[in-house]
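Colleague: In the numbering used here, the protein residues as written are 6 to 652.
A virtual CB, placed ideally from N, CA and C, is assigned to each residue, including glycine.
Bear in mind that the values here come from a model prediction, so they are computed numbers and not experimental data.
Here it is: the structure, laid out below.
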């Protein structure tokens, strides 16, 4: 796939088929069939047959032959797997009648493409937008027509034919696969039952108070987003794309005044822009609502019945790209709408792309996402230069170490790419979220943050448990949920990226990734008596916590000073310690309007004032505990002074 060879087994006890009218099979089932499932909400409506293990190939092929003999039969499709286990293990993934194809010549004429489609009995259902960056290959989507030549053909077989015999025309041919898993938010019912007694916004600011079931968190064990709000950063002017699943309610009280102008249904061609509420087949839950709420839920709108959530970058513009709903049997969704959404996010000029999904067979999605990354986000000072769209993705929820012998076949695309920001999740005590975390499980029994060594390209962890966010309003929900998982941690980091870009829109995607890494806190480090060694193999990296727990304030400050011009100067400053917790600060020769701020060592803002005094002024820390603090003085010209104060 996408130029990378890999092997898969055909799942022998599963086969899939579709009819010309996209209908469900309602005929008699032979004894060899265990179950048959119809996926009405998929982009391609297929029937999925599960055979009993006690029947052999002959019985199974008899039913396949019967299906292909029906007048309304259209297409067969394989199910594939990395194992030889039975379908009951739910380790297989379905293919369908769609192929994603990139051509060697990105400028093929419509006539050449039509001739190619006619030759192979295909219908083009999605073409790249002409406004996408040129010079790279963008993928088309084709559907297989009912074949007049070979009724047993499949998308897997046709992709193999094209890759082997059309090498001068086709760069890659990739069968669509249902290998996209939403990183399940994994709701906890008892959390919802104690709904108004939960501090579900601790990820913004954790003061060490009670969070859930009488259990208190650790002060400062949060993403320090509140501190960034204090710096005027709320994501204003930044566009975040959210590629996700299920429907969306724009009428939700926490979204009515948010900057969510519309949603886009990606399972139709062309994609449908929606300006009102939209549900897939009246589905009652919405992963996209929950992820978006962590970014965009509005502040200061709490009433007796709603307004319970608040997002990290609540002034950002958010575009949800809705990619259907996963199959009920194994919760997998197909890749083709994801490919289309990536291209759409690129043409929509998204600055940030949130992907709270894990894709086990990325194939062509790898090149498409990389193209969108490097070709996105024009430089505000020179639109011909591209600074790169910043992609943020979650590592997973299975509480396992990846990259080991037992997990070597596990793929966590796109979190594992060196051009994306890979995000794990932490708990209110600043440990990796796990049932065995020191200090308590926080309700976890089996799930937890996936982790692994630095070769996996994971970057930071972020708060991802007991997070209050938005949900559909319906008969079973009042529009809010308390959730957990990488799906929630990922938009926390996307919010922080938006705030960084608000302050520094000129940064490249690589610089943003480094700023996020360098600003992360090395929590519970062995250097301070903790359990995490951040110097194993890669300096500053820990297998469980990566480069640390994300810190919005630290990263924002690093970003603000990154590449500061050399013509700035240090503000001459004289400090006198009164030895009562206060300090007298003097800035001789500087009468400019300047800001004086004091932070604790976790990056939390304690005091801030603006003054134009040249004479002495007082900084009072007498109400704070003894220890080391950071003093920063800066003016509008970029001149600054930073030092430590010892209380």
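(1) Nearest to residue 281 by alpha carbon, out of 256, 262, 303?
(2) Let me know if residue 218 comes out buried or exposed under the rule of 16 or more other beta-carbons within 10 Å of its beta-carbon.
(3) What does residue 180 pair with, by DSSP beta-bridge criteria?
(4) What whole-angstrom Cβ distance do residue 512 and residue 437 have, given they're in contact under 8 Å?
(5) Could you work out which residue in 379, 382, 228, 384 is closest to residue 500 when comparing CA atoms only?
(6) Determine the burial state of residue 298: buried for a count of at least 16 other Cβ atoms within 10 Å of its Cβ, exposed for fewer.
(7) Give me the Cα-Cα distance between residue 21 and residue 96, rounded to the nearest whole angstrom.
(8) Is it buried or exposed, residue 157, if we count other Cβ atoms within 10 angstroms and call 16 or more buried?
(9) Go ahead and label residue 553 buried or exposed: buried means 16 or more other beta carbons lie within 10 angstroms of its beta carbon, across all protein chains shown.
(10) Using a 10 Å radius around the Cβ and a threshold of 16 neighbouring Cβ atoms, would you call residue 198 buried or exposed?
(11) CB residue 538 to CB residue 531, shorter than 9 Å?
(12) Near residue 386, which residues of its chain fall below 8 Å by C-beta distance, leaving aside the five closest residues on each side in sequence?
(13) Express the C-alpha separation of residue 424 and residue 224 in angstroms, rounding to a whole number.
(14) So, residue 265 versus residue 301, is the Cβ gap smaller than 9 Å?
(15) Could you pull out every residue in the same chain whose Cβ sits closer than 8 Å to the Cβ of residue 352, ignoring the five residues on either side in sequence?
(16) Count the other CB atoms within 10 Å of the CB of residue 169; is the residue buried (16 or more) or exposed (fewer)?
(17) What alpha helix (DSSP H) runs, 4 residues minimum, are completely inside the stretch 295 to 322?
(18) Following the continuous beta strand (DSSP E) through residue 217, name the residue where it begins and the one where it ends.
(19) In terms of DSSP beta bridges, what is residue 342 paired with?
(20) Would residue 232 be called buried (16 or more neighbouring beta carbons within 10 Å of its own) or exposed?
(21) Label residue 634 either buried or exposed according to how many other C-beta atoms from any shown protein chain fall within 10 Å of its C-beta, with 16 as the threshold for buried.
(22) Using only the alpha-carbon positions, how far apart do residue 173 and residue 80 sit?
(23) From which residue to which residue does the alpha helix (DSSP H) around residue 70 run?
(24) What separation, rounded to the nearest whole angstrom, lies between the Cα atoms of residue 592 and residue 614?
(25) Quick one: what's got a C-beta closer than 7 Å to residue 90's C-beta in the same chain, skipping five residues either side?
(26) If you pair each beta-carbon of the stretch 314 to 331 with each one of the stretch 244 to 261, do three or more pairs fall below 8 Å?
(27) Which value, in whole angstroms, describes the spacing of the CA atoms of residue 311 and residue 188?
(28) List in chain order: all unbroken alpha helix (DSSP H) runs of 4+ residues lying wholly within the stretch 501 to 576.
(29) For the alpha helix (DSSP H) holding residue 120, just list the boundary residues, first then last.
(30) Compare the beta carbon distance of residue 497 and residue 469 with 9 Å and say whether it is the shorter of the two.
(31) Within the same chain, show all residues whose beta-carbon is closer than 7 Å to that of residue 65, passing over the 5 residues directly before and after it, in chain order.
(32) Looking only at C-alpha atoms, which of 626, 629, 601, 273 sits nearest to residue 640?
(33) Report yes or no: do the stretch 414 to 431 and the stretch 454 to 473 share at least 3 C-beta pairs separated by less than 8 Å?
(34) Which runs of the beta strand (DSSP E) spanning at least 3 residues fall entirely within the stretch 124 to 175, listed in chain order?
(35) Check each candidate in 477, 296, 339 and name the one with the smallest Cα separation from residue 490.
(36) Should residue 33 go down as buried or exposed, given a rule of 16 or more other Cβ atoms within 10 Å for buried?
Modeller: Taking the geometry as given:
(1) 256
(2) Per the 10 Å Cβ criterion, exposed.
(3) 104
(4) Contact doesn't hold; Cβ gap of about 28 Å is too wide.
(5) 228
(6) buried
(7) 16 Å
(8) exposed
(9) buried
(10) Annotation note: pLDDT 36 at residue 198 (below 50); position unreliable, coordinate value reported separately. Its Cβ having fewer than 16 others within 10 Å, residue 198 is exposed.
(11) yes
(12) 511
(13) 33 Å
(14) yes
(15) 134, 136, 137
(16) exposed
(17) Taking only runs of at least 4 residues, no alpha helix (DSSP H) segment lies wholly in the stretch 295 to 322.
(18) 215 to 217
(19) Answer is none; residue 342 lacks a bridge partner.
(20) Residue 232 should be labelled buried.
(21) It counts as buried.
(22) Computed Cα separation, rounded: 27 Å.
(23) 62 to 74
(24) 14 Å
(25) 96
(26) yes
(27) It is roughly 26 Å from the alpha-carbon of residue 311 to the alpha-carbon of residue 188.
(28) Listed in chain order, they are 514 to 524, 557 to 566.
(29) For residue 120, the enclosing alpha helix (DSSP H) stretches over residues 115 to 124.
(30) yes
(31) 37, 56
(32) 601
(33) yes
(34) Within the stretch 124 to 175, the complete beta strand (DSSP E) runs of at least 3 residues are 127 to 131, 145 to 149.
(35) 296
(36) By the neighbour-count criterion, in which a residue is buried when 16 or more other Cβ atoms sit within 10 angstroms of its Cβ, residue 33 is exposed.
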